[in-house]
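S.K.: Residue 53 is where the first sequence starts when you use my numbering, and the numbers rise one by one after that.
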Amino acid sequence: MSVRVRFAPSPTGYLHVGGLRTALYNFLFARRHGGKCILRIEDTDRTRLVENAQANLIESLSWAGIEFDESPEIGGEFGPYIQSERFDLYKEYGNKLIESGAAYLAFDTAEELAAMREQQQKAGTDPKYDRNAMRNQFTLGEEETKSLIEAGSPYVVRMTVPTNGEIRFSDIIRGEVVVAGKDIDDQILIKSDGFPTYHLANVIDDHFMGITHVIRGEEWLPSTPKHALLYDAFGWERPQFAHLPLLLNKDKSKLSKRQGSVAVEDFSERGYFKEAFVNFIALLGWNPTSDREIFSIDELIETFSLEKVNKGGAVFDTQKLDWVNAQYLRSLEGQDLAERLLPTLEKSGITGFSLDYIEKVILLMRERIEILPDLLVFADYMFQKPQSYDAAYVLKHWKDTTLELIRPLIDVFSNIADWSHETLHDETMRYCEMKGIKLKDVIHPLRLMITGKSAGAGMFETMAVLGKDECLERFDLYINK
RNA sequence: GGUCCCAUCGACUAACGGUUAGGUCACCAGCCUUUCACGCUGGCAGUAGGGGUUCGAAUCCCCUUGGGAUCACCA
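#1: So, with DSSP's three-state summary, where would you put Asn147?
#2: To which residues of the same chain is Leu416 closer than 7 Å at the C-beta, ignoring the five residues directly before and after it?
#3: Please return the same chain residues whose Cβ sits closer than 7 Å to the Cβ of Ala390, not counting the five positions on each side in sequence.
#4: Could you tell me if Asp528 is buried or exposed, where buried requires 16 or more neighbouring beta carbons within 10 angstroms of its beta carbon?
#5: In the DSSP output, which residue or residues are listed as bridge partners for Ser222?
#6: What is the C-beta distance between Leu300 and Phe368, in whole angstroms, given that I count them as a contact (C-beta under 8 Å)?
#7: In the DSSP assignment, what residue or residues form a beta bridge with Arg58?
#8: I'd like to confirm the pairing. Which residues does DSSP put opposite Trp338 in its beta bridges?
#9: What separation, rounded to the nearest whole angstrom, lies between the Cα atoms of Asp374 and Thr480?
#10: Would you call Arg56 buried or exposed, if buried means 16 or more other Cβ atoms sit within 10 Å of its Cβ?
#11: If I follow the unbroken beta strand (DSSP E) through Gly153, where does it start and stop?
#12: Can you check DSSP and say which residues form a bridge with Asn188?
#13: When DSSP builds the beta bridges, which residues end up paired with Phe293?
#14: Can you tell me where the alpha helix (DSSP H) holding Met53 begins and where it ends?
#15: Mind checking which residues open and close the beta strand (DSSP E) that includes Ile353?
#16: Please state the DSSP three-state secondary structure of Glu111.
#17: Go ahead and label Phe221 buried or exposed: buried means 16 or more other beta carbons lie within 10 angstroms of its beta carbon, across all protein chains shown.
#18: Give me the Cβ distance between Ala285 and Ser152, rounded to the nearest whole Å; I'm assuming they're in contact under 8 Å.
#19: If we count the other Cβ atoms within 10 Å of its Cβ and call it buried at 16 or more, is Thr276 buried or exposed?
#20: Go ahead and pull the three-state DSSP assignment for Val213.
#21: Please report how far the alpha carbon of Ala166 lies from the alpha carbon of Leu336, in whole angstroms.
#22: Please list, in chain order, all residues of the same chain as Lys278 whose beta carbon is under 7 Å from its beta carbon, the five residues on each side excluded.
#23: In this structure, how does DSSP classify Lys180 when only helix, strand and coil are distinguished?
#24: Going along the chain, which residues of its own chain have a beta-carbon closer than 7 Å to the beta-carbon of Trp471, five neighbours each way excluded?
#25: To the nearest whole angstrom, what separates the beta carbons of Glu270 and Leu298, a pair I think is in contact under 8 Å?
#26: Between which residues of its own chain and Ile402 is the CB-CB distance below 6 Å, once the five residues before and five after are set aside?
#27: Mapping the DSSP letters down to three states, classify His537 as helix, strand or coil.
What follows is the structure in structure tokens.
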């Protein structure tokens, strides 16, 4: 049987990094086994729909390079891939459960349920739907139930969870999990608006879409017994379950917005490389080995296995992401990098520079920054003349005698025809030797005039990239300011 | 609180009963040096605690502790 997995997000906003990792693992697993990866949109909660959320989700997923074999957009033989378009299927199979006794109708209002819970809390018992005391098929009887339906009373469909015995299922990551039937609530399967809850829709879809492995976050572990029960009630084979460890905040709670960015789009917008981000995310909760940190997507596919996924949650600490990103920054092709940076430059109003020039600047600075857009801050002077001069740097390196030391050097520069960093270096050295001074003594004043900053790339390389005219203009600008 | 899951350096993790418990990030120091970086070398730092099982336990079992998830007509 060939592997079929799915990523099933709700269209309620942006793609969460935890969601990305789940999607990624599904994708890697499918590719690893030559199977299919499916995208299904779970929009059964009509009250939480968010405009454009689906498009947003798909954009983030595609940015990360996660491709689906079947999805709402691509289609496929098991569609539709949007749950709201499968309404009739849930209704039909919900009815089958009612017929077989695996589910029942309940007429309780929100107030009645609230009262029940309040009472339970007072009594110190666990909050759980009381099948024998509430208004449902069992307590009301056939007649009354029928007349209520005919009268148009709103109702929900609940799962008839066995009150004795235990439910067990196996999880690829966690092994055997056992829960007592009495501890499981009579889950609502169909809401009063007729839409199924996650539990029902998910099981029905996974079955009819031929899903072989359910790979999802650990937050679903507590409801998995209910799902197992549903598969059994339908007489369907259960898929393999794999519950991924959670991604955590620094305080170890489930990763949330409160403590930093969790939207994938935030990271793409900040300029992280997709390769680096995916690389980083993939290694949060799974490691093929421990002597390597950098993996291409193909290498991830080659080595991925669910058996090696960890059980414990992983803190989402982006310090290492910055390092991973820097590794990519230093290994990607210069031209590729220039093309990637171009849109960012344009957005910042930096135009009129050739791709070739941008590439040279990147190559010059790539070992000094971790994220490509940082170039605009770190090396702003490569795109405009210095707007200001670092005061402390001036104080330290521009003495009363500096000007008379520098002027003749500028004359030397003016006469250089081959404006390469080698020539600039050699000529400057010769000048220093002639004057009996150290290279240091002129390098800092030069840097000051050219960049205005104390930190930057090699001085002569920088000057070479900027070009002769630009450098001479900057000398003038500083001296005459 | 009930149920379930989990537990190796600050963080990510490796070690399928036998290692001086390894690597990476971060941090610190030194080297390199033309500033800042990169790089190189070294350092700091961990098996939550207690019982078993075993010749031998980070690893298997039990208890304790700690953390987390979940208990909705949300997914």
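Here a beta-carbon is modelled for each residue, glycine too, at the ideal position from N, C-alpha and C.
M.R.: The answer reads as follows:
#1: helix
#2: Ala509, Glu513, Thr514 and Val517.
#3: Leu407, Ile410, Glu411 and Ile414
#4: exposed
#5: Glu228
#6: 6 Å
#7: Ile90
#8: According to DSSP, Trp338 bridges with Val361.
#9: 37 Å
#10: Counting the other CB atoms within 10 Å of its CB gives Arg56 a total of 16 or more, which places it among the buried residues.
#11: It is not in any beta strand (DSSP E) - Gly153 carries neither H nor E in the DSSP assignment.
#12: Beta-bridge pairing links Asn188 to Ala158.
#13: Asp223 and Val266
#14: Neither: Met53 is in no alpha helix (DSSP H) and is coded neither H nor E.
#15: Element bounds for Ile353: not the beta strand (DSSP E) but the alpha helix (DSSP H), Ile349 to Thr355.
#16: Note: Glu111 maps to helix in three-state DSSP.
#17: buried
#18: About 7 Å separates the Cβ atoms of Ala285 and Ser152, confirming a contact at the 8 Å cut-off.
#19: buried
#20: coil
#21: 40 Å
#22: Met211, Ile236, Gln239 and His251
#23: Shown here, Lys180 sits in coil according to DSSP, grouped into three states, outside any helix or strand.
#24: If we look at Trp471 and ignore the five residues flanking it on each side, its Cβ neighbours are Ala516, Gly519 and Lys520.
#25: 5 Å
#26: Phe435
#27: Within the shown structure, residues of the chain are numbered from 53 to 533, placing residue 537 beyond reach of any answer.
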